[in-house]
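A short write-up of the structure that comes next.
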Amino acid sequence: MTHSAGPAAVAVKPDPPRWYRWIVLVLISVAMFGNYYIYDSISPLADVLKAQLGFSDTNIGLLNAIYSFPNIVMVLIGGMIIDRIGTRKSTFLFALLCFVGAAVTVSSGLLEVMAAGRLIFGLGAESLIVAVTTAIAKWFRGKELSFAFGVNLTIARLGSFAALNSPSWAGSLFSDWRLPLLISVAAGVISVAGTVLYWIMESGAQRKYNLGSGGETDKVVFSELFRFGRSYWYIVALCITFYSAMFPFQTFAVKFFMEAHGTTRELGGFFSSMLTLFAMIATPLFGLLVDRVGKRALFMVFGSFLIIPVYLMMAYTGVTLYVPMAMMGVAFSLIPAVMWPSVAYIVGQERLGTAFGLMTMIQNIGLFGFNLLIGWANDFSGASAENPGGYALGMWIFSSLGFLAMLFAFLLRRNETGPEAHGLETITVVSRTSSS
């Protein structure tokens with residue numbers, strides 16, 4: 000923030016100390032932990048919902064698809080809200096919606112009520128991710144940004160890991176569909192608590208430290224949405240194809256492993272959580288690596304390439320599931336560690352909330368459509384324990400998305416090695432520090 004200079008100029012506040020920044024990061028990441036747990040609480044329950052409530056794969060796909068539906072618009076509005084009211088108020092508001100959504104979902108076994116709960120949850124969840132992402136960019140821009148994103152995702156994905164492995168540590172609760180979902184309500188309480196503590200920490204920091212713009216900006220001009228450069232749109236295209244190949248797969252993964260590969264629910268949950276386990280460990284490491292060497296677009300090409308063969312391996316070969324899930328785990332660690340921080344180098348901070356919101360909005364178009372499409376494909380092909388080959392159609396759809404993701408990553412790489420480059424291939428923490 001700029002002050003007029005003069006003989007009695009106000010003393011410049013120091014930057015927040017490193018330990019303060021990392022405490023802030025942990026607190027907003029705890030909010031993400033609860034968010035991720037609630038999202039992944041449906042997948043291990045898929046066969047229970049089918050048995051006890053008579054849900055079809057299309058119904059189960061709807062419970063995750065409807066999460067994405069409001070975000071086709073809401074997350075963009077959420078990005079604008081973040082740019083207007085700041086990250087403190089917005090993280091609390093969106094975490095509160097996550098809690099309410101989880102509570103509504105568990106309140107009734109009617110598909111309409113559960114879908115309404117997931118819709119309310121979706122209204123808050125993706126906007127909360129955008130708010131947290133914007134907050135991290137504000138606190139760590141020009142510092143250990145990619146590593147900070149990696150640590151954030153590690154803590155957040157611990158929520159996914161816990162949810163997907165809940166058949167192992169809370170197996171006795173799976174006798175009733177409602178009991179595991181009560182845990183997700185508790186996760187919503189944790190999410191709200193994390194945002195309250197973050198609010199307290201950042202309010203204290205504003206009095207003592209220099210926080211730059213503080214997150215509040217002038218009015219967002221809607222026409223600015225169309226002024227983002229080519230590299231930004233390649234990243235958006237990579238985002239929608241990559242995540243559409245990952246999260247809709249996880250919606251049905253436990254059921255797929257049980258019916259097509261004969262695993263137990265506990266082992267199926269573990270295989271699905273391998274994506275999360277890899278990401279928890281490797282995302283911060285990839286973030287550190289990228290902060291040091293650059294080459295962000297090149298890393299995204301490699302990560303996208305990894306997911307092309309994995310679905311066909313699971314559909315047509317007898318190779319142990321550890322191999323394709325490990326390959327997916329590396330990609331699931333690498334792409335997010337590089338992709339989200341890259342936006343902060345391409346877009347100015349005053350439009351960062353809107354940029355992340357637009358990107359997440361388009362991502363949710365893919366998640367909404369592909370959750371419904373894969374549920375329909377499974378029902379259309381009669382996918383079941385008696386007909387495991389019925390899952391092949393969905394696997395081909397996922398593999399095609401992997402190819403498109405690699406194509407967009409390649410186009411990004413080409414743009415970032417040409418005259419329109421923003422430094423994604425060259426900027427490192429060392430080079431930024433030495434030039435400042």
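Residue numbering for the sequence shown is 0 to 435, as defined by my numbering.
Using N, Cα and C, we set each Cβ at its ideal position, and we do this for glycine too.
- Excluding sequence positions up to five away, which residues of its chain have a Cβ less than 6 Å from the Cβ of S272? For the purposes of this step, residue 272 is taken as residue 273 along the sequence shown, with counting starting at 1. Closer than 6 Å at the Cβ level, and outside the excluded window around S272, lie F160, L163, N164.
- Query: Can the beta-carbon of I189 be found less than 8 Å from the beta-carbon of F32?
  - Reply: In the sequence shown, the residue the question calls residue 189 occupies position 190. In the sequence shown, the residue the question calls residue 32 occupies position 33. In this structure, F32 lies closer than 8 Å to I189 by Cβ.
- Query: If V342 sits next to F331, beta carbons under 8 Å apart, how far is it from one beta carbon to the other, in whole angstroms?
  - Reply: As a position in the sequence shown, residue 342 is number 343, starting the count at 1. As a position in the sequence shown, residue 331 is number 332, starting the count at 1. No, V342 and F331 are not in contact; Cβ-Cβ is about 18 Å, not under 8 Å.
- Task: Can you have a look at D39 and say buried or exposed, based on whether 16 or more other CB atoms are within 10 angstroms of its CB?
- Result: Residue mapping note: residue 39 aligns to position 40 of the sequence shown, counting from 1. With 16 or more other Cβ atoms within 10 Å, it is buried.
- Rounded separation between S230 and F120 - CA only: In the sequence shown, the residue the question calls residue 230 occupies position 231. In the sequence shown, the residue the question calls residue 120 occupies position 121. Going from the Cα of S230 to the Cα of F120 covers about 31 Å.
- Query: Cα-Cα, which of W198, S107, F246 is closest to L366?
  - Reply: As a position in the sequence shown, residue 366 is number 367, starting the count at 1. Nearest of W198, S107, F246 to L366, Cα basis: F246.
- DSSP state of K12, grouped into three classes? Taking the sequence shown and counting its residues from 1, the one referred to as residue 12 is at position 13. Of the three classes helix, strand and coil, the one that applies to K12 here is coil, per DSSP.
- Which runs of the alpha helix (DSSP H) spanning at least 4 residues fall entirely within the stretch 245 to 302, listed in chain order? Under the rule that a run must span 4 or more residues, the alpha helix (DSSP H) segments found entirely inside the stretch 245 to 302 read 264 to 292.
- Query: Given that a residue counts as buried once 16 or more other Cβ atoms are within 10 Å of its Cβ, and exposed if not, what is K254?
  - Reply: Locating residue 254 in the sequence shown gives position 255, where the first residue counts as 1. The residue in question, K254, is buried, as its Cβ has 16 or more Cβ neighbours within 10 Å.
- Item | Option nearest A192 by Cα separation, candidates V11, F91, V103 | Residue 192 sits at position 193 when you count from the first residue of the sequence shown. Selected option, being the one with the closest Cα: F91.
- Query: Is the CB-CB distance between I81 and A130 below 8 Å?
  - Reply: On the sequence shown, residue 81 is found 82 positions in, with the first residue counted as 1. On the sequence shown, residue 130 is found 131 positions in, with the first residue counted as 1. Cβ atoms of I81 and A130: closer than 8 Å.
- Query: So does the stretch 149 to 160 actually touch the stretch 99 to 116, counting three or more Cβ pairs closer than 8 Å?
  - Reply: no
- Which residues in the same chain have their Cβ closer than 8 Å to the Cβ of L61, if we skip the five residues on either side of it in sequence? As a first step, residue 61 must be located in the sequence shown, where it is residue number 62. Within the same chain, L61 has close Cβ partners L110, A114, N370, L371, G374.
- Query: Are the Cβ atoms of R295 and E424 separated by less than 8 Å?
  - Reply: Within the sequence shown, the letter at position 296 stands for residue 295. Within the sequence shown, the letter at position 425 stands for residue 424. Yes, the pair counts as a contact, with Cβ atoms nearer than the cut-off.
- Task: Helix, strand or coil for N164, going by three-state DSSP, please let me know.
- Result: Residue mapping note: residue 164 aligns to position 165 of the sequence shown, counting from 1. N164: coil per DSSP, three-state reduction.
- Query: According to the neighbour-count rule (16 or more other Cβ atoms, all chains shown, within 10 Å of its Cβ), is T153 buried or exposed?
  - Reply: As a first step, residue 153 must be located in the sequence shown, where it is residue number 154. So T153 counts as buried.
- Message: Which same chain residues end up closer than 7 Å to G286 when comparing Cβ atoms and leaving out the 5 residues on each side of it in sequence?
- Response: Walking along the sequence shown from the start, residue 286 turns up at place 287. Cβ neighbours of G286 beyond the five flanking positions: S145, F146, F148, G149, A336.
- Between the Cα of F251 and the Cα atoms of R87, N377, T133, T353, which residue gives the shortest distance? The count along the sequence shown starts at 1 and reaches residue 251 at position 252. When each option's Cα is compared against that of F251, the closest is N377.
- Message: At the level of alpha carbons, what is the spacing between I426 and A155?
- Response: Within the sequence shown, numbered from 1, the residue matching residue 426 stands at position 427. Within the sequence shown, numbered from 1, the residue matching residue 155 stands at position 156. Cα-Cα distance, rounded: 27 Å.
- Do Y440 and L411 have their C-beta atoms closer together than 8 Å? The structure shown does not extend to residue 440, since the chain spans only 0 to 435, so no value can be given for it.
- Query: Do L392 and S383 have their CB atoms nearer than 8 Å?
  - Reply: Here residue 392 refers to the residue found at position 393 of the sequence shown. Here residue 383 refers to the residue found at position 384 of the sequence shown. With respect to the 8 Å criterion, L392 and S383 are not classified as neighbours on the basis of their beta carbons.
- Query: Ends of the alpha helix (DSSP H) at P340?
  - Reply: As a first step, residue 340 must be located in the sequence shown, where it is residue number 341. Residues 321 to 345.
- Proximity winner among M313, I396, N34, relative to L122 (alpha-carbon distances): Translated into positions along the sequence shown, residue 122 becomes position 123. In terms of Cα proximity to L122, the closest of M313, I396, N34 is N34.
- Item | Limits of the alpha helix (DSSP H) - the one that S398 falls within | The sequence position of residue 398 within the sequence shown is 399, counting from 1. Note, S398: alpha helix (DSSP H), 391 to 415.
- Query: Between P308 and F277, what straight-line distance do the alpha-carbon atoms span, to the nearest angstrom?
  - Reply: Position 309 of the sequence shown, counted from the first residue, corresponds to residue 308. Position 278 of the sequence shown, counted from the first residue, corresponds to residue 277. Using only the alpha carbons, I get a separation of about 18 Å.
- Taking K142 as part of the alpha helix (DSSP H), name the residues at either end of that continuous run. Counting from one through the sequence shown, the residue named residue 142 turns up at place 143. Where K142 is concerned, there is no enclosing alpha helix (DSSP H), given that its DSSP letter is neither H nor E.
- Query: Sorted by chain position, which residues of the same chain lie with C-beta nearer than 7 Å to Y19's C-beta, five sequence neighbours on each side aside?
  - Reply: One-based indexing of the sequence shown puts residue 19 at position 20. Around Y19: A204.
- Which residues in the same chain have their Cβ closer than 7 Å to the Cβ of V47, if we skip the five residues on either side of it in sequence? Translated into the one-based positions of the sequence shown, residue 47 becomes position 48. Taken in chain order, the residues that qualify are F173, W176.
- From what residue to what residue does the alpha helix (DSSP H) around L92 run? What you label residue 92 is simply residue 93 of the sequence shown in a count that begins at 1. Where L92 is concerned, the enclosing alpha helix (DSSP H) starts and stops at 86 to 105.
- Task: Check I307 in the structure and name its three-state DSSP category.
- Result: One-based indexing of the sequence shown puts residue 307 at position 308. Here I307 sits in coil by DSSP.
- Query: Do M324 and L284 have their C-beta atoms closer together than 8 Å?
  - Reply: Walking along the sequence shown from the start, residue 324 turns up at place 325. Walking along the sequence shown from the start, residue 284 turns up at place 285. Taking 8 Å as the Cβ cut-off, M324 and L284 do not qualify as a contacting pair.
- Report yes or no: do the stretch 392 to 402 and the stretch 304 to 320 share at least 3 C-beta pairs separated by less than 8 Å? Touching, yes, given that three or more Cβ pairs across the two stretches are closer than 8 Å.
- Nearest-angstrom Cα separation, counted from R87 out to H2: For the purposes of this step, residue 2 is taken as residue 3 along the sequence shown, with counting starting at 1. For the purposes of this step, residue 87 is taken as residue 88 along the sequence shown, with counting starting at 1. Any reading at H2 must be qualified, since the residue scores a pLDDT of 44, below 50, and its modelled position is unreliable; the value itself is stated next. Going by the C-alpha atoms only, they are around 24 Å apart.
- Message: Going by DSSP in three states, I22 sits in which element: helix, strand or coil?
- Response: Counted from its first residue, the sequence shown places residue 22 at position 23. In this structure, I22 counts as helix in the three-state DSSP scheme.
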